[in-house]
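Take a look at the structure set out below.
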Amino acid sequence: MTSDWDLDAVQDLLHGRSNWRRWGDDDQIGAVNLITDRKRVEAARLVRTGRTVSLSRPFPTRPQAGNPRPAAHYTTKTPRGSGGIAGDYYGIEYHGVASTHVDALCHVWDERGMWQGRDPDVEFTSRGSRWGSIEHWRRGIVTRGVLLDVPAFRGEPYVTHDRPVHGDELDEIAKAQGVTVGAGDAVIVYSGRDRWDREHPAWGTEHTELGEPRRPGLHASCLAFLRDHDCAALAWDMLDHAPNDWGIPWTVHGAIFAYGLAVVDNCELRQLAAACLAEARYEFMFVLSPLVVEGGTGSPANPLAVL
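Just so we're aligned, residue 62 is where the sequence shown starts under our numbering, counting upward by one.
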């Protein structure tokens with residue numbers, strides 16, 4: 062892939078335009094600060110039909126490509142008098158490409174450090190992170206959601222590796238759909254991963270000869286879109302286009318430590334795209350409630366769109 066973007070341009074997005082100190086030196090909420098009470102009321106007013114759509118993939122309990130360490134789930138059944146009681150156990154290593162989850166602000170970093178420049182060697186212990194962990198979003202993420210449907214805009218079934226999604230294309234999609242993206246919004250980018258999986262090896266399982274992930278997705282220029290529009294959250298089915306052209310650890314995922322975004326990985330967006338098409342609108346109330354795990358680097362999630 063060739064690109065007009067050079068390393069300096071990408072580093073400027075990650076470093077020169079970061080949100081560090083924007084909400085104070087000790088802030089651990091990040092861009093979720095942009096979701097005000099007024100913003101939540103605005104989101105609630107978008108509910109017209111009451112239709113709810115889950116953006117989550119099924120709990121991945123079977124080993125398969127892209128999920129070599131499946132979630133553990135077993136049940137118990139105990140008699141109680143003439144009746145009984147059932148229980149079960151869940152255990153999941155959710156980061157990766159199989160599970161729908163939200164990344165906390167401590168999840169990734171580059172050479173400058175975590176969110177706000179914190180040192181991961183200092184902040185992480187065997188008990189988790191002392192900085193930017195998931196419990197700081199215990200109030201949930203409830204805001205206006207906007208779906209950007211890339212396959213519908215392109216007239217193609219899915220995003221391909223040789224044509225990643227660029228930031229200016231996201232602006233074009235929003236304009237074509239008659240919707241705007243504003244401060245505090247959750248932008249949901251549909252790239253057609255469900256269709257890709259039917260025609261190729263499962264998305265996220267292919268690698269280059271050097272062992273690097275090789276997958277279609279969003280180009281680093283999408284950082285500019287997220288920052289320009291002051292987004293609070295990004296939910297997507299395909300993640301960062303990989304490998305990137307600059308040998309840096311993170312491109313669009315860098316929005317976590319650079320801008321403080323809540324990033325929701327591995328969403329299932331086909332049903333939401335169909336619902337938005339059927340209702341001829343692409344804005345709705347977006348709801349996500351992470352588990353309150355002290356020190357956690359994220360949480361399994363079942364994000365919802367309420368139309």
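No residue lacks a Cβ here, since even glycine has one placed at the ideal position from N, Cα and C.
Delimiting residues of the alpha helix (DSSP H) encompassing residue i
i	result
E230	228 to 238
D69	68 to 72
A105	98 to 105
V183	181 to 184
D87	Careful: D87 lies outside any alpha helix (DSSP H) and carries neither H nor E.
I153	Note, I153: premise wrong, no alpha helix (DSSP H); not H, not E.
R289	The sequence shown places Asp at residue 289, rather than the Arg named in the question. That run of the alpha helix (DSSP H) goes 283 to 289.
P212	211 to 215
D326	Looking at the DSSP string, D326 is not in any alpha helix (DSSP H); the run it does join, the beta strand (DSSP E), is 323 to 326.
Y320	316 to 320
R256	254 to 260
A334	331 to 340
Own chain residues within Cβ distance below 7 Å of residue i, not counting five before or after
i	result
W81	Q177, G178
L107	R205, E344, F345, M346
S360	H162, V163, I195, P351, L352, V354
A336	R112, V114, L368
R123	P131
S143	none
Limits of the beta strand (DSSP E) - the one that residue i falls within
i	result
N344	Here residue 344 turns out to be Glu, not Asn, going by the sequence shown. Per DSSP, E344 belongs to the beta strand (DSSP E) from 344 to 349.
A247	247 to 251
A366	365 to 367
W198	Careful: W198 lies outside any beta strand (DSSP E) and carries neither H nor E.
V163	162 to 164
I83	Residue 83 is actually Arg in this sequence, not Ile. Segment: none, R83 is in no beta strand (DSSP E) and carries neither H nor E.
T293	Residue identity check: residue 293 is Ala in the sequence provided, not Thr. Premise fails: A293 is in no beta strand (DSSP E) and is neither H nor E.
A303	That residue, A303, is in no beta strand (DSSP E); it is neither H nor E in DSSP.
A132	Element bounds for A132: n/a, residue is neither H nor E.
V354	Neither: V354 is in no beta strand (DSSP E) and is coded neither H nor E.
S143	Looking at the DSSP string, S143 is not in any beta strand (DSSP E), and its letter there is neither H nor E.
V114	113 to 115
Beta-carbon contacts of residue i that lie in its chain and below 6 Å, excluding the five residues immediately before and after
i	result
T63	Confidence at T63 is low in this model, with a pLDDT of 43, below 50, so its placement is unreliable and no value can be given for it.
D180	G174
R109	none
P119	none
E273	P304
W84	N94
R254	W264, D298, M299
L68	W307
H314	V169, D301
Beta carbon of residue i nearer than 8 Å to that of residue j
i	j	result
L271	I234	no
P277	H222	yes
S252	D298	yes
P129	S160	no
G228	A147	no
R275	E267	yes
G127	A263	yes
L75	A319	yes
T241	V71	no
I96	I202	yes
G356	R199	no
G265	V158	yes
Nearest neighbour of residue i, chosen from the options [CA to CA]
i	options	result
D289	S143, C337, D232	D232
T358	L116, Q89, D255, G245	Q89
G239	H268, V71, R83, A341	A341
L279	R200, Y320, V211	V211
A237	W198, A213, E260, G245	A213
Q125	G356, L300, D258, C283	D258
V207	R215, E184, A244, G216	A244
Y219	H261, G193, G77	H261
R86	A105, D67, G193, D69	The identity of residue 86 in the sequence shown is Asp, whereas the question assumes Arg. Looking at the Cα atoms, G193 is the closest of the given residues.
C283	D246, E230, G145, H156	E230
Min CB distance residue i to chain D below 8 Å
i	result
Q177	The structure shown has no chain D; it contains just one protein chain.
Beta-carbon contacts of residue i that lie in its chain and below 8 Å, excluding the five residues immediately before and after
i	result
D65	none
L322	G91, A92, L287, C292, A293, A294, L295, A316
L116	T161, I249, A296, V325, C328, E329, L330, L333, N363, P364, L365, A366
D149	H134, Y135, T136, T137
P225	M62, P277, G278, L279, H280, H302
F185	C167, R191
State whether the region 166 to 182 contacts the region 332 to 339, with contact taken as three or more CB pairs (one from each stretch) at a distance under 8 Å.
no
Contact the region 339 to 354 vs the region 101 to 115: 3+ CB pairs below 8 Å
yes
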